[in-house]
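Protein chains: 2
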Amino acid sequence: MIGNRLHKLRALPGTVKTRRLRGHPGAAALKRRIAKRSEMATIKEVAQLAGVSTATVSRALSGARPVNADVAARVLEASHALGYRPNRVARSLRTQVSTTLGLIISDVQNPFFTAVARAAERTAADNGYSLVLCNSDDDLHLERRYLDVLVAEQVAGLILTPADEKASSVDVALAAGIPVVSVDRRLRTADLDTVLVDNAHAVHKAVDLLVREGCRRVAVLVGPEHTTTAAERLRGYRDALTDHQIPEDPGLIVHSQVTGGDVATLHKETKGLITEVIREHSPDSLVITNGPMIAGSLAALADTGRHLGEDLAVVVFDDMPLAEFIGLTSIVQPTEAIAQQAVELLLSRVAGSTPPPHEVVFKSVLTIRTSSSLRRVSPGRRR
Amino acid sequence: MIGNRLHKLRALPGTVKTRRLRGHPGAAALKRRIAKRSEMATIKEVAQLAGVSTATVSRALSGARPVNADVAARVLEASHALGYRPNRVARSLRTQVSTTLGLIISDVQNPFFTAVARAAERTAADNGYSLVLCNSDDDLHLERRYLDVLVAEQVAGLILTPADEKASSVDVALAAGIPVVSVDRRLRTADLDTVLVDNAHAVHKAVDLLVREGCRRVAVLVGPEHTTTAAERLRGYRDALTDHQIPEDPGLIVHSQVTGGDVATLHKETKGLITEVIREHSPDSLVITNGPMIAGSLAALADTGRHLGEDLAVVVFDDMPLAEFIGLTSIVQPTEAIAQQAVELLLSRVAGSTPPPHEVVFKSVLTIRTSSSLRRVSPGRRR
DNA sequence: TTGAAAGCGCTAACAC
DNA sequence: GTGTTAGCGCTTTCAA
Numbered sequence: 033m034i035g036n037r038l039h040k041l042r043a044l045p046g047t048v049k050t051r052r053l054r055g056h057p058g059a060a061a062l063k064r065r066i067a068k069r070s071e072m073a074t075i076k077e078v079a080q081l082a083g084v085s086t087a088t089v090s091r092a093l094s095g096a097r098p099v100n101a102d103v104a105a106r107v108l109e110a111s112h113a114l115g116y117r118p119n120r121v122a123r124s125l126r127t128q129v130s131t132t133l134g135l136i137i138s139d140v141q142n143p144f145f146t147a148v149a150r151a152a153e154r155t156a157a158d159n160g161y162s163l164v165l166c167n168s169d170d171d172l173h174l175e176r177r178y179l180d181v182l183v184a185e186q187v188a189g190l191i192l193t194p195a196d197e198k199a200s201s202v203d204v205a206l207a208a209g210i211p212v213v214s215v216d217r218r219l220r221t222a223d224l225d226t227v228l229v230d231n232a233h234a235v236h237k238a239v240d241l242l243v244r245e246g247c248r249r250v251a252v253l254v255g256p257e258h259t260t261t262a263a264e265r266l267r268g269y270r271d272a273l274t275d276h277q278i279p280e281d282p283g284l285i286v287h288s289q290v291t292g293g294d295v296a297t298l299h300k301e302t303k304g305l306i307t308e309v310i311r312e313h314s315p316d317s318l319v320i321t322n323g324p325m326i327a328g329s330l331a332a333l334a335d336t337g338r339h340l341g342e343d344l345a346v347v348v349f350d351d352m353p354l355a356e357f358i359g360l361t362s363i364v365q366p367t368e369a370i371a372q373q374a375v376e377l378l379l380s381r382v383a384g385s386t387p388p389p390h391e392v393v394f395k396s397v398l399t400i401r402t403s404s405s406l407r408r409v410s411p412g413r414r415r
Numbered sequence: 033m034i035g036n037r038l039h040k041l042r043a044l045p046g047t048v049k050t051r052r053l054r055g056h057p058g059a060a061a062l063k064r065r066i067a068k069r070s071e072m073a074t075i076k077e078v079a080q081l082a083g084v085s086t087a088t089v090s091r092a093l094s095g096a097r098p099v100n101a102d103v104a105a106r107v108l109e110a111s112h113a114l115g116y117r118p119n120r121v122a123r124s125l126r127t128q129v130s131t132t133l134g135l136i137i138s139d140v141q142n143p144f145f146t147a148v149a150r151a152a153e154r155t156a157a158d159n160g161y162s163l164v165l166c167n168s169d170d171d172l173h174l175e176r177r178y179l180d181v182l183v184a185e186q187v188a189g190l191i192l193t194p195a196d197e198k199a200s201s202v203d204v205a206l207a208a209g210i211p212v213v214s215v216d217r218r219l220r221t222a223d224l225d226t227v228l229v230d231n232a233h234a235v236h237k238a239v240d241l242l243v244r245e246g247c248r249r250v251a252v253l254v255g256p257e258h259t260t261t262a263a264e265r266l267r268g269y270r271d272a273l274t275d276h277q278i279p280e281d282p283g284l285i286v287h288s289q290v291t292g293g294d295v296a297t298l299h300k301e302t303k304g305l306i307t308e309v310i311r312e313h314s315p316d317s318l319v320i321t322n323g324p325m326i327a328g329s330l331a332a333l334a335d336t337g338r339h340l341g342e343d344l345a346v347v348v349f350d351d352m353p354l355a356e357f358i359g360l361t362s363i364v365q366p367t368e369a370i371a372q373q374a375v376e377l378l379l380s381r382v383a384g385s386t387p388p389p390h391e392v393v394f395k396s397v398l399t400i401r402t403s404s405s406l407r408r409v410s411p412g413r414r415r
């Protein structure tokens with residue numbers, strides 16, 4: 033077998049030399065050949081056309097090391113003629129580095145996450161990285177699958193909104209040396225850089241506002257219990273009640289169990305839950321702690337004949353396109369800042385920095401519109 | 033240099049044998065070593081631990097070829113012990129196939145596109161593919177960059193909503209042998225599988241409805257001119273006017289020029305445009321042909337003191353979360369079907385099928401709510 | 001400044 | 001059924 037190898041070793045330089053001496057095929061022929069294959073031109077073909085070695089092509093194109101000006105020009109021309117673009121897969125395999133970041137969000141249809149995604153993408157691009165986005169639909173299996181894919185794809189770093197504070201398995205990434213930043217939610221099973229908003233405080237302020245407006249029976253709708261955001265937002269609610277010496281009524285605390293991005297299901301479920309609370313526990317106000325639950329909640333109001341900001345005061349978490357139009361008082365999260373911070377934390381780790389994990393908490397802003405008031409209106413004046 | 037090579041050639045089997053004879057390091061040691069490196073375990077390490085060749089590991093894990101049961105078990109155990117997961121980069125480089133699809137959408141914050149993205153991802157997953165999502169913000173440069181990245185990343189296929197019907201450069205992908213499907217918009221520069229909705233017809237029906245409601249001065253707001261959707265939707269509007277023998281008033285046709293995903297800018301611009309139309313051209317109704325333009329338009333109504341479905345009838349393209357609550361009559365696109373169709377067309381080409389390009393047009397559904405009516409209400413009854 | 005050669009981690013063709 | 005080896009396309013020593 034060594035003989036075999038030797039044979040090839042001797043044969044190879046020979047072939048190359050012969051080809052070179054005989055003159056290379058020329059751009060046109062090479063181009064035709066490539067078009068026919070309908071595959072990417074390789075560095076080898078560029079080298080052949082430019083009459084240099086692949087190493088020189090690599091150097092000329094990357095500018096990593098000095099190359100003779102004429103040679104560089106010839107390489108550039110050849111690469112251009114063939115429409116050459118370096119194969120990232122090969123490059124990344126060779127260099128063991130990647131300029132792609134992964135972002136796994138738990139709901140592509142949630143405006144909060146899409147806003148984060150957009151801003152993150154921008155920050156990544158500003159730093160020369162591309163960002164690929166995956167949607168876990170808050171499903172642990174899907175999340176795990178994407179984690180696996182991105183790790184196997186050798187991304188440089190990962191941003192994640194964990195579907196479950198305990199069960200999310202980011203260790204596949206960590207074990208592969210891929211740094212991970214958690215956004216919007218904490219992860220209890222790993223010590224990660226985490227970017228959050230002041231969930232408890234935000235809801236606290238919302239309840240304060242409602243109480244100031246004269247509300248005493250404040251209902252709250254929170255998402256599934258296995259995320260830290262739900263727990264924190266509920267805590268803010270409770271703290272506020274305590275502050276105002278309002279006894280807690282368990283009937284006013286509603287947990288949605290729907291998970292996953294199915295808008296229709298969530299809408300129906302939410303509508304049912306809120307309808308029940310309104311009918312059974314006569315709240316005078318409502319805090320909705322999750323953007324995707326807003327539509328269903330408002331549908332419940334309509335169904336039960338309640339009027340937003342008149343006989344039922346409402347504050348919601350997350351801003352959305354039509355919030356302004358219908359006067360929805362909203363807790364607005366600084367999505368750009370969150371995303372930027374997350375990407376920056378990530379990139380500093382990608383660059384090799386290993387400080388103890390940070391936890392960055394951003395303040396959210398309570399944008400007061402009309403829905404959070406209790407204007408008693410005479411029935412006749414209502415349309 | 034051949035000598036050098038020979039030396040290595042001889043040395044290599046020796047080392048391996050020595051190691052093997054001396055007994056492999058054992059899972060614990062190997063694991064420790066890997067943890068310390070904080071890098072992925074490689075197939076080589078698994079092979080070493082299982083006491084077999086890398087080829088056997090590959091075969092045992094992929095199941096591509098029969099492997100002795102004991103050996104397979106040992107391999108499985110070793111791979112599990114080391115937390116081994118095949119490096120996709122290397123695999124894809126070697127096999128020249130990839131199981132990743134790319135989806136480039138023009139606006140992550142547009143519910144239509146996110147709905148498409150979600151459904152596409154699902155269909156891809158059902159077929160054993162993962163989908164990575166990129167956001168071009170309708171920016172040709174960004175789109176091009178992502179096209180480049182995904183091609184260089186060797187994705188198996190691409191779905192795209194072209195930012196510009198003429199300038200989008202999908203040929204980088206096509207030249208690399210990567211099939212491309214266009215969604216939502218046509219691309220004039222290449223012959224692609226394309227999945228669309230009946231834009232013209234949908235708007236036509238919307239105008240019909242408004243005219244039936246008694247409207248005569250129907251204003252229309254369309255997006256930037258360089259997409260085929262804008263043109264088609266405008267055509268639907270014009271056809272409808274012709275049908276009803278209503279003369280066209282150029283003042284009632286508004287083109288938004290804002291492109292890119294900046295929600296705030298678009299909101300402001302739209303609001304300004306609609307305010308002007310209302311003030312200067314007194315429309316009695318309004319067709320908004322793009323989801324992201326809805327919020328700004330409604331803000332303009334509020335500003336000019338108009339009331340939705342009372343003194344101004346409105347129909348919008350694209351459904352959105354709060355549309356139901358505010359009674360917005362909407363042209364709803366079958367996003368799931370669109371996405372599924374697109375992925376299936378793409379995968380059939382990925383699989384090697386090369387029929388002439390398809391164009392699939394889906395019907396949209398006009399969901400009639402209250403905003404499309406003209407109920408004259410006495411001022412006193414309005415709240 | 002340039003080229004030859006090795007090698008990233010994997011799979012497949014070929015031997016046995 | 002298993003091992004050896006070559007090679008995917010690229011970058012990067014090492015030599016010259």
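Chains A and B, in that order, give the protein sequences.
Those letters in the first sequence? Residues 33 to 415, by the working numbering.
Those letters in the second sequence? Residues 33 to 415, by the working numbering.
Glycine included, C-beta positions come from ideal geometry on N, C-alpha and C.
Residues of the region 346-368 of chain B with a CB closer than 7 Å to any CB of chain A: list them in chain order, please. MET352, PRO353, LEU354, GLU356, PHE357 and ILE358
Check for me: the beta strand (DSSP E) holding ARG287(A) runs from which residue to which? Within the first sequence, the letter at position 255 stands for residue 287(A). Arg is not the amino acid found at residue 287(A); the sequence shown has His there. Element bounds for HIS287(A): 285-287.
Cβ of VAL202(A) within 7 Å of any chain B Cβ: On the first sequence, residue 202(A) is found 170 positions in, with the first residue counted as 1. Not closer than 7 Å to any Cβ of chain B, the Cβ of VAL202(A) fails to qualify, so no.
Which class does GLY1(A) belong to by DSSP, given the choice of helix, strand or coil? No answer is possible for residue 1(A): it lies beyond the span of chain A, which begins at 33 and ends at 415.
In three-state DSSP terms, what is ASP351(B)? One-based indexing of the second sequence puts residue 351(B) at position 319. ASP351(B) falls in the coil class under three-state DSSP.
Tell me whether ASN142(B) sits in a helix, a strand or coil according to DSSP, three-state version. Locating residue 142(B) in the second sequence gives position 110, where the first residue counts as 1. Of the three classes helix, strand and coil, the one that applies to ASN142(B) here is coil, per DSSP.
Would a C-beta distance cut-off of 7 Å place VAL103(B) and VAL89(B) closer than the cut-off? Taking the first residue of the second sequence as position 1, residue 103(B) is located at position 71. Taking the first residue of the second sequence as position 1, residue 89(B) is located at position 57. Not closer than 7 Å, so no.
GLY55(A) (DSSP reduced to helix, strand or coil): Locating residue 55(A) in the first sequence gives position 23, where the first residue counts as 1. Caution is warranted here: a pLDDT of 43 is assigned to GLY55(A), below 50, making its placement in the model unreliable, and the coordinate value is therefore given only provisionally. GLY55(A): coil per DSSP, three-state reduction.
So for SER317(B), helix, strand or coil by DSSP? Walking along the second sequence from the start, residue 317(B) turns up at place 285. Strand, per DSSP.
Quick check on the DSSP output: the alpha helix (DSSP H) that includes SER385(A) runs from which residue to which? Taking the first residue of the first sequence as position 1, residue 385(A) is located at position 353. It is not in any alpha helix (DSSP H) - SER385(A) carries neither H nor E in the DSSP assignment.
In DSSP terms, what LEU398(A) is bridged to: Counting from 1 along the first sequence, the entry for residue 398(A) is found at position 366. Looking at the DSSP assignment, LEU398(A) forms a beta bridge with ILE363(A).
In this structure, what does DSSP give as the bridge partners for ASN167(A)? Start at 1 with the first residue of the first sequence, and residue 167(A) comes out as number 135. DSSP, once it has assigned bridges, lists ILE137(A) as partnering ASN167(A).
Would you mind listing the beta strand (DSSP E) stretches within the region 201-229 of chain A that are 3+ residues and don't spill past its ends, in chain order? 212-215 and 225-229
Buried versus exposed call for THR193(A) [16 or more other C-beta atoms within 10 Å across all chains shown]: By 1-based counting over the first sequence, the position of residue 193(A) is 161. The residue is buried, with at least 16 neighbouring Cβ atoms inside 10 Å.
Boundaries of the beta strand (DSSP E) in which GLY427(B) is found, first to last residue: As shown, chain B starts at 33 and ends at 415. That puts residue 427(B) outside it, with no answer to give.
Supposed close pair ILE310(A), THR336(A) - CB separation, criterion 8 Å: Here the question's residue 310(A) lines up with position 278 in the first sequence. Here the question's residue 336(A) lines up with position 304 in the first sequence. Indeed they touch by this definition, with Cβ atoms about 5 Å apart.
What residue range is occupied by the uninterrupted alpha helix (DSSP H) comprising ILE191(B)? Within the second sequence, residue 191(B) is the residue found at index 159, counting from 1. No alpha helix (DSSP H) holds ILE191(B); the beta strand (DSSP E) holding it covers 189-192.
Suppose the cutoff is 8 Å on Cβ atoms and the five residues either side in sequence are ignored; what does the same chain contact list for SER288(A) look like? Counting from one through the first sequence, the residue named residue 288(A) turns up at place 256. So the list reads LEU253, VAL254, GLY255, PRO256, LEU298, GLU301, THR302, LEU305, ASN322 and MET325, once near-sequence residues are dropped.
Give me the residue from ALA60(B), SER396(B), LEU344(B) and ARG407(B) with the minimum Cα distance to HIS233(B). To locate residue 233(B), count along the second sequence from 1; it is residue 201. Checking every option, the nearest Cα to that of HIS233(B) belongs to SER396(B).
Quick check: what's the CA-CA separation for ASP158(B) versus ARG123(B)? As a first step, residue 158(B) is located in the second sequence; it is residue number 126 there, counting from the start. As a first step, residue 123(B) is located in the second sequence; it is residue number 91 there, counting from the start. Straight-line Cα distance between these residues: approximately 21 Å.
Tell me which residue opens and which closes the alpha helix (DSSP H) that LYS198(A) is part of. Taking the first sequence and counting its residues from 1, one reaches residue 198(A) at position 166. No alpha helix (DSSP H) holds LYS198(A); DSSP gives it neither H nor E.
Are there 16 or more other CB atoms within 10 angstroms of the CB of ARG277(B), so buried, or fewer, so exposed? Against the second sequence, residue 277(B) aligns to sequence position 245. Just to set this straight, residue 277(B) is Gln in the shown sequence, not Arg. Exposed is the call here.
Is GLU312(B) helix, strand or coil by DSSP? Taking the first residue of the second sequence as 1, we reach residue 312(B) at position 280. Of the three classes helix, strand and coil, the one that applies to GLU312(B) here is helix, per DSSP.
Taking DSSP as the reference, what is the three-state secondary structure of GLU280(B)? Looking up residue 280(B) in the second sequence gives position 248. In the structure shown, GLU280(B) sits in coil (DSSP, three-state: anything other than H, G, I, E or B).
With burial defined as no fewer than 16 other Cβ atoms inside 10 Å of the residue's Cβ, what is the status of LYS237(A): buried or exposed? Here residue 237(A) corresponds to residue number 205 of the first sequence, with the count starting at 1. Buried, by the Cβ-count rule.
Where in the region 82-160 of chain A do unbroken runs of the beta strand (DSSP E), each at least 3 residues long, occur, reported from the N-terminal end onward? 132-137
Just to confirm, is the Cβ distance from ALA156(B) to LEU133(B) under 7 Å? Your numbering for residue 156(B) matches position 124 in the second sequence. Your numbering for residue 133(B) matches position 101 in the second sequence. Contact flag set, yes.
Contact the region 362-378 of chain B vs the region 339-353 of chain B: 3+ CB pairs below 8 Å: yes
Does DSSP put GLU77(A) in a helix, in a strand, or in coil? Locating residue 77(A) in the first sequence gives position 45, counting from the first residue. It is helical.
8 Å Cβ cut-off: residues of chain A touching SER124(B): Position 92 of the second sequence, counted from the start, is the residue given in the question as residue 124(B). The answer, in chain order, is VAL121.
Which word fits SER94(A), buried or exposed, when buried means at least 16 other C-beta atoms lie within 10 angstroms of its C-beta? Position 62 of the first sequence, counting from 1, holds the residue named residue 94(A). Exposed is the call here.
Could you compute how far the alpha carbon of THR402(A) sits from the alpha carbon of LEU333(A)? The residue labelled residue 402(A) in the question sits at position 370 within the first sequence. The residue labelled residue 333(A) in the question sits at position 301 within the first sequence. Spanning the two alpha carbons is a distance of roughly 15 Å.
Using a Cβ distance threshold of 8 Å, determine whether the region 364-376 of chain B contacts the region 209-229 of chain B, with at least three qualifying pairs required. yes
Same chain, Cβ closer than 6 Å to LEU38(A), five either side skipped, listed in chain order: Here residue 38(A) corresponds to residue number 6 of the first sequence, with the count starting at 1. Any reading at LEU38(A) needs caution, since the residue's pLDDT is 27, under 50, leaving its predicted position unreliable; the model's value is listed next. Closer than 6 Å at Cβ, skipping near neighbours: no residue.
Inter-residue spacing [alpha-carbon to alpha-carbon] between PRO118(A) and PRO353(B): Within the first sequence, residue 118(A) is the residue found at index 86, counting from 1. Within the second sequence, residue 353(B) is the residue found at index 321, counting from 1. One C-alpha to the other measures close to 43 Å.
To which residues of the same chain is ALA138(A) closer than 6 Å at the C-beta, ignoring the five residues directly before and after it? Your numbering for residue 138(A) matches position 106 in the first sequence. Checking the sequence shown, residue 138(A) turns out to be Ser, not Ala. Result list for SER138(A): SER168, ASP170, THR193 and ALA195, in chain order.
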